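Q: Here it is: the structure, laid out below.
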Amino acid sequence: MPELLLRDEEESIEWQTQENRLGRIQADIDANVMLWDFGYVDYLHYFSQIRSYMHWFASRGEYIVIGQPFAYVAQFIPLVRGQEAPGDVLYVWPGGGEWPTSEQVYVVADESPYEHRGEALILAELSRTTSLFGYALPRQLRLSIEQSAFDLLENLTLASITQKVLAIIASEKRQGGPIESVALSSFRDPEATDYEQLVVTVRLDCDSGNALRIWDDLSKKIESLKEDLSQREISVLNERLGLDCEW
Amino acid sequence: MFAPTDFCNLAAQLSSRSSDEASLRTSVSRSYYSVFLSAREKLDALGHYHPKGAGVDHSRVRGALASIGRRDLANKILGLYIRRGKADYDLNISVSQIQAQQAVQIANNLLSQIPSLT
């Protein structure tokens, strides 16, 4: 992982997940920029911790949260070339698993033409999949996650599989699929109250014929995940994760 | 023996009654059961799943389909099951004619494939 330009009064928090992945938050107090680099599953799993940190910094009055992972870039306060940013800013985005495409990136600049308090924003590459240049990447999917789904995603196996499923859906969208949004929710069986599963609901902007075809395509791509899963993971995929489509 | 597909025929008739929400809710419910019962019987005949005659059959039919590689059918049946649950139990939503007609479309799509399961 490339080095971020660090200043004094740095705070760094590291931890390991059950699957031995490292996540790291770095707070560069002097530059007033907080950088996060998470994949979908890390974000899903540590959402509550991330949220508490964001609120803490916002409450100190030093940061204004202008964007969160999975938020519309259009909601961001635009930074005008050469002009000072309005207040302190907090950038948060997922590391994702794919290179951003030109359609997804608003600004690409090696020299960070934007300024904050008279200083150029820190430009750093955090991972092989994410380029930081002062803007959060537009999310590939309009993703909403119900609180009940987070409880299910405490199961890291299910969270890992969910990440793969979201990547499949994101790929479909990048290839022009009429995917409007995705929602993760928990579904409790009304006929068997002890049964609960995670449902990925894809909202499509198309007619019924195409919707049914896309539903099948996504299901078959999810089915192909089995080739690289253990028996236990396959069992979780079969019993605890479902794909619904709406149009 | 009663043919579950007859439920789908009834669902189609009921879905044409745009002003009667009771009919539209019943349509969604019958769409689901036409598929669930057809799939249950087919899986039982093939030896892939033997029904318990209880509520667990709903999830286990889907699980059995997924385990034989027919996740496409399992997911669409789940989608119908979710819609049926809302139509049967959630009094705080409205079920539209479009939703009922979509449920019929999903059911017809599934019913055309279930007979060829192996």
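Going down the list, the protein sequences come from chains A and B.
Each residue of the first sequence is one higher than the one before, counting from 3 in this note's numbering.
Each residue of the second sequence is one higher than the one before, counting from 134 in this note's numbering.
Ideal placement from N, C-alpha and C gives every residue a C-beta, glycine not left out.
A quick note: this is a predicted structure, and the numbers were derived from the prediction, not measured.
In angstroms, rounded to a whole number, what distance separates the CA positions of B:Val189 and A:Val202?
A: Against the second sequence, residue 189 of chain B aligns to sequence position 56. Against the first sequence, residue 202 of chain A aligns to sequence position 200. Near 21 Å, if we compare the C-alpha coordinates of A:Val202 and B:Val189.
Q: Alpha carbon to alpha carbon, how far is B:Asp139 from B:Leu250?
A: Mapped onto the second sequence, residue 139 of chain B falls at position 6. Mapped onto the second sequence, residue 250 of chain B falls at position 117. For B:Asp139 and B:Leu250, the distance between alpha carbons rounds to 20 Å.
Q: Please compile the residues from chain E whose C-beta is within a distance smaller than 8 Å of the C-beta of B:Gly196.
A: The chain inventory of the structure shown lacks chain E, comprising the protein chains A and B.
Q: Taking 6 Å as the limit between beta carbons, can you name the residues of its chain near A:Arg205, skipping five residues before and five after?
A: Residue 205 of chain A sits at position 203 when you count from the first residue of the first sequence. Here the set comprises Glu182, Ser183, Glu248.
Q: Which whole-angstrom value describes the C-beta separation of A:Pro192 and B:Tyr222, a residue pair presumed to lie in contact below a C-beta threshold of 8 Å?
A: Stepping through the first sequence from its first residue, residue 192 of chain A is reached at position 190. Stepping through the second sequence from its first residue, residue 222 of chain B is reached at position 89. Confirmed, Cβ separation roughly 6 Å.
Q: Going along chain B, which residues have a C-beta under 7 Å from A:Pro192?
A: Numbered from 1 along the first sequence, position 190 holds the residue referred to as residue 192 of chain A. Going along chain B in sequence order, the residues near A:Pro192 (Cβ under 7 Å) are Gly218, Tyr222.
Q: With DSSP as the reference, label A:Val167 as helix, strand or coil.
A: As a working mapping, residue 167 of chain A is identified with position 165 in the first sequence. Helix at A:Val167.
Q: So, for B:Leu211: in the same chain, excluding its five sequence neighbours on each side, which residues have a beta-carbon less than 8 Å away from its beta-carbon?
A: By 1-based counting over the second sequence, the position of residue 211 of chain B is 78. Arg195.
Q: Using a C-beta to C-beta distance shorter than 8 Å, which residues of chain B count as neighbours of A:Lys222?
A: For this step, residue 222 of chain A is matched to residue 220 along the first sequence. The contacting residues are Arg204, Asp205.
Q: Any beta carbon from chain A within less than 8 Å of B:Asn225's own beta carbon?
A: For the purposes of this step, residue 225 of chain B is taken as the residue at position 92 of the second sequence. No, because no Cβ of chain A sits closer than 8 Å to the Cβ of B:Asn225.
Q: In whole angstroms, what separates the C-alpha of B:Leu170 from that of B:Leu179?
A: Within the second sequence, the letter at position 37 stands for residue 170 of chain B. Within the second sequence, the letter at position 46 stands for residue 179 of chain B. Computed Cα separation, rounded: 14 Å.
Q: Do you know whose CA, among A:Asp219, A:Glu241, A:Asp207, lies nearest A:Ile170's CA?
A: For the purposes of this step, residue 170 of chain A is taken as the residue at position 168 of the first sequence. Of the listed residues, the one whose Cα sits closest to A:Ile170 is A:Asp219.
Q: Can you tell me which of the three DSSP states A:Val201 falls into?
A: What you label residue 201 of chain A is simply residue 199 of the first sequence in a count that begins at 1. Here DSSP, grouped into helix, strand and coil, assigns A:Val201 to strand.
Q: Grab me the residues of B:Ala197's own chain with a C-beta within less than 6 Å of its C-beta, minus the 5 sequence neighbours each way, in chain order.
A: By 1-based counting over the second sequence, the position of residue 197 of chain B is 64. Closer than 6 Å at the Cβ level, and outside the excluded window around B:Ala197, lie Leu176, His181, Tyr182.
Q: Kindly indicate if chain B contains any beta-carbon less than 8 Å away from that of A:Gln233.
A: As a first step, residue 233 of chain A must be located in the first sequence, where it is residue number 231. Output row for A:Gln233: interface = no.
Q: Does the Cβ of B:Ile231 have 16 or more other Cβ atoms within 10 Å, making it buried, or fewer, making it exposed?
A: What you label residue 231 of chain B is simply residue 98 of the second sequence in a count that begins at 1. By the 10 Å Cβ count, B:Ile231 comes out exposed.
Q: Keeping to the same chain, check which residues put their C-beta closer than 7 Å to that of B:Asn241; ignore five residues upstream and five downstream.
A: On the second sequence, position 108 is the one that residue 241 of chain B refers to. Excluding positions up to five away in sequence, the list reads Cys141.
Q: From this set, A:Ser162, A:Glu241, A:Gly179, A:Phe152, which residue's C-alpha is nearest A:Ile216's C-alpha?
A: In the first sequence, the residue the question calls residue 216 of chain A occupies position 214. Check the Cα spacing between A:Ile216 and each of A:Ser162, A:Glu241, A:Gly179, A:Phe152: the tightest is with A:Gly179.
Q: Could you tell me if A:Asp207 is buried or exposed, where buried requires 16 or more neighbouring beta carbons within 10 angstroms of its beta carbon?
A: Residue 207 of chain A sits at position 205 when you count from the first residue of the first sequence. By the 10 Å Cβ count, A:Asp207 comes out exposed.
Q: Opposite B:Ser164 in the DSSP bridges: which residues?
A: The residue you call residue 164 of chain B lines up with position 31 of the second sequence. Partner residues in a beta bridge of B:Ser164, as assigned by DSSP, do not exist.
Q: For B:His191, go through chain A and note every residue whose CB falls closer than 8 Å to its CB, in chain order.
A: Counting from one through the second sequence, the residue named residue 191 of chain B turns up at place 58. Ordered by position in chain A, the residues that pass the 8 Å Cβ test against B:His191 are Asp191, Glu193, Ala194.
Q: Below 7 Å on C-beta distance, what does B:Gly212 contact in chain A?
A: Here the question's residue 212 of chain B lines up with position 79 in the second sequence. What B:Gly212 touches in chain A: Asp246, Cys247.
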